[in-house]
Amino acid sequence: MSISELEALACDHCGATIRARVFTSVNAERHPHLRDEILARRFHVFACPTCGQDTLVDGKVLYLDLGRRQLLGVYPRDRMADAATAAQEVFETWQESFVEGPPPTRPLAKRMLVRVCFGLEELREKLVIDAAGLVDLYVEALKAGLLAGDPRFAALQVTGLSLDAVTPEGALRFIPLGLGRATDGKVPLIEIPEKAYAEMAGRRGELLAAKPCLASGPHVSVARLVLAAEG
Ligand SMILES: [Zn+2]
Numbered sequence: 061m062s063i064s065e066l067e068a069l070a071c072d073h074c075g076a077t078i079r080a081r082v083f084t085s086v087n088a089e090r091h092p093h094l095r096d097e098i099l100a101r102r103f104h105v106f107a108c109p110t111c112g113q114d115t116l117v118d119g120k121v122l123y124l125d126l127g128r129r130q131l132l133g134v135y136p137r138d139r140m141a142d143a144a145t146a147a148q149e150v151f152e153t154w155q156e157s158f159v160e161g162p163p164p165t166r167p168l169a170k171r172m173l174v175r176v177c178f179g180l181e182e183l184r185e186k187l188v189i190d191a192a193g194l195v196d197l198y199v200e201a202l203k204a205g206l207l208a209g210d211p212r213f214a215a216l217q218v219t220g221l222s223l224d225a226v227t228p229e230g231a232l233r234f235i236p237l238g239l240g241r242a243t244d245g246k247v248p249l250i251e252i253p254e255k256a257y258a259e260m261a262g263r264r265g266e267l268l269a270a271k272p273c274l275a276s277g278p279h280v281s282v283a284r285l286v287l288a289a290e291g
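Letter by letter, the sequence shown follows residues 61 to 291 in the numbering used here.
(1) Cα separation between Val174 and Val150?
(2) If I measure Cβ to Cβ from Gly225 and keep anything under 6 Å in the same chain, skipping five residues before and after, which residues do I get?
(3) Tell me which residue opens and which closes the alpha helix (DSSP H) that Val150 is part of.
(4) Going by DSSP, what residue range makes up the beta strand (DSSP E) through Arg233?
(5) State the Cα-Cα distance for the pair Phe103 and Leu69, rounded to the nearest angstrom.
(6) Could you tell me the distance, in whole angstroms, from the CA atom of Ala176 to the CA atom of Ser222?
(7) Under three-state DSSP, which class holds Phe103?
(8) If you measure between the beta carbons of Val282 and Gly220, is that distance less than 8 Å?
(9) Report yes or no: do three or more beta-carbon pairs, one from the region 154 to 161 and one from the region 85 to 98, lie closer than 8 Å?
(10) Nearer than 7 Å: is that true of the beta carbon of Cys111 relative to any heavy atom of ligand 1?
(11) Kindly indicate which residue of Gly265, Ile252, Gly112, Phe158 has the alpha-carbon position closest to the one of Cys74.
(12) Can you tell me whether Gly277 is helix, strand or coil according to DSSP?
(13) Between which two residues does the beta strand (DSSP E) carrying Val176 extend?
(14) If you draw a straight line from the alpha carbon of Phe213 to that of Leu207, how long is it in whole angstroms?
(15) Is Tyr135 closer than 8 Å to Ala88 when the C-beta atoms are compared?
(16) So, is Leu131 buried or exposed, given that buried needs 16 or more other C-beta atoms within 10 angstroms?
(17) Which residues bound the alpha helix (DSSP H) around Gly220?
(18) Any heavy atom of ligand 1 closer than 7 Å to the Cβ of Ala68?
(19) So what's Glu327 in DSSP terms, helix, strand or just coil?
(20) Let me check understanding here. Comparing Cα to Cα, which of Lys203, Gly277, Lys271, Asp210 lies closest to Ala256?
(21) Using DSSP's beta-bridge definition, name the partner residues of Asp114.
So this is what it looks like as structure tokens:
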């Protein structure tokens, strides 16, 4: 089941009231159009009837896709400061609903993608990574290398990268993020050949030893390196 409520939001731009259907839970198998909206970056984006500009709702959403074996807990981006609590909540949901859930759902617990995400762009990225048959840990390691290796990112206030798509040639195409959202095209897209991903995947053990902060339970993100640096 997908659960939503009609809410009255204030437009981010002019403050006018927007009536919007806001979801707290998405069942992507039953409602594939919601997954399509997430991939199109239109989910929880509402046009203001007064000024016409978009307002994005950065809320808490439980995303479930039984067909693809995905359970993703999405939290507002400002909850990242307390990522461990959010990760624990997602872990407990997985445990209660699948590991110790009703007998028919228990076999699903294995090989399930269980992740915590902060913001809808991160949810979208996890879906893109999984659909392409990639592993997010290696993608995050690639991003860490890219961000650290090019001082222009810092100069342009790029705070992260998000896997936008895998090209027909197998290259990984990243969009730069400023404060967790796609930047407005000032910073060009970055394409990394498939070979670089394959090399990273071959270094799994070394990666976890060198950058153990990249992954902890269901929280797999380059942002963890920032959290670790801030103590
Ligand atoms: Zn408005």
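By construction, the Cβ of each residue, glycine as well, lies at the ideal position given by its N, Cα and C atoms.
Reading off the structure:
(1) Sequence index remark: in the sequence shown, residue 174 carries index 114 (1-based). Sequence index remark: in the sequence shown, residue 150 carries index 90 (1-based). Going from the Cα of Val174 to the Cα of Val150 covers about 8 Å.
(2) Here residue 225 refers to the residue found at position 165 of the sequence shown. Note that residue 225 is Ala in the sequence shown, not Gly. Taking C-beta separations shorter than 6 Å and ignoring five residues to either side along the sequence, the partners of Ala225 in its chain run Arg233, following chain order.
(3) If you number the sequence shown from 1, residue 150 lands on position 90. Element bounds for Val150: 143 to 154.
(4) In the sequence shown, the residue the question calls residue 233 occupies position 173. Judged by DSSP secondary structure, Arg233 falls within the beta strand (DSSP E) whose first and last residues are 232 to 238.
(5) Position 43 of the sequence shown, counted from the start, is the residue given in the question as residue 103. Position 9 of the sequence shown, counted from the start, is the residue given in the question as residue 69. Taking the straight line joining both Cα atoms gives about 15 Å.
(6) Sequence index remark: in the sequence shown, residue 176 carries index 116 (1-based). Sequence index remark: in the sequence shown, residue 222 carries index 162 (1-based). According to the sequence shown, residue 176 is Val rather than Ala. Straight-line Cα distance between these residues: approximately 15 Å.
(7) What you label residue 103 is simply residue 43 of the sequence shown in a count that begins at 1. Here Phe103 sits in coil by DSSP.
(8) Within the sequence shown, the letter at position 222 stands for residue 282. Within the sequence shown, the letter at position 160 stands for residue 220. Their beta carbons are under 8 Å apart, which means Val282 touches Gly220 by this criterion.
(9) Because the criterion of three Cβ pairs below 8 Å is not met, the region 154 to 161 and the region 85 to 98 do not touch.
(10) In the sequence shown, the residue the question calls residue 111 occupies position 51. Flag set: Cβ of Cys111 near ligand 1.
(11) Here residue 74 corresponds to residue number 14 of the sequence shown, with the count starting at 1. Restricting attention to Gly265, Ile252, Gly112, Phe158, the CA atom closest to the CA of Cys74 is found in Gly112.
(12) Start at 1 with the first residue of the sequence shown, and residue 277 comes out as number 217. Note: Gly277 maps to coil in three-state DSSP.
(13) Against the sequence shown, residue 176 aligns to sequence position 116. For Val176, the uninterrupted beta strand (DSSP E) run begins and ends at 173 to 178, by DSSP.
(14) Here residue 213 refers to the residue found at position 153 when the sequence shown is read from its first residue. Here residue 207 refers to the residue found at position 147 when the sequence shown is read from its first residue. In this structure, the CA atom of Phe213 is about 6 Å from the CA atom of Leu207.
(15) Position 28 of the sequence shown, counted from the start, is the residue given in the question as residue 88. Position 75 of the sequence shown, counted from the start, is the residue given in the question as residue 135. Not closer than 8 Å, so no.
(16) For the purposes of this step, residue 131 is taken as residue 71 along the sequence shown, with counting starting at 1. Label assigned to Leu131: buried.
(17) For this step, residue 220 is matched to residue 160 along the sequence shown. Judged by DSSP secondary structure, Gly220 falls outside any alpha helix (DSSP H) and instead within the beta strand (DSSP E) spanning 220 to 226.
(18) Sequence index remark: in the sequence shown, residue 68 carries index 8 (1-based). Taking non-hydrogen atoms of ligand 1 into account, the C-beta of Ala68 is found less than 7 Å away from none of them.
(19) A query on residue 327 cannot be resolved here, the shown segment of the chain reaching from 61 to 291 and no further.
(20) Working through the sequence shown from its first residue, we reach residue 256 at position 196. Of the candidates Lys203, Gly277, Lys271, Asp210, the one whose C-alpha sits nearest the C-alpha of Ala256 is Lys203.
(21) Numbered from its first residue, the sequence shown carries residue 114 at position 54. Paired residue(s): Ala107.
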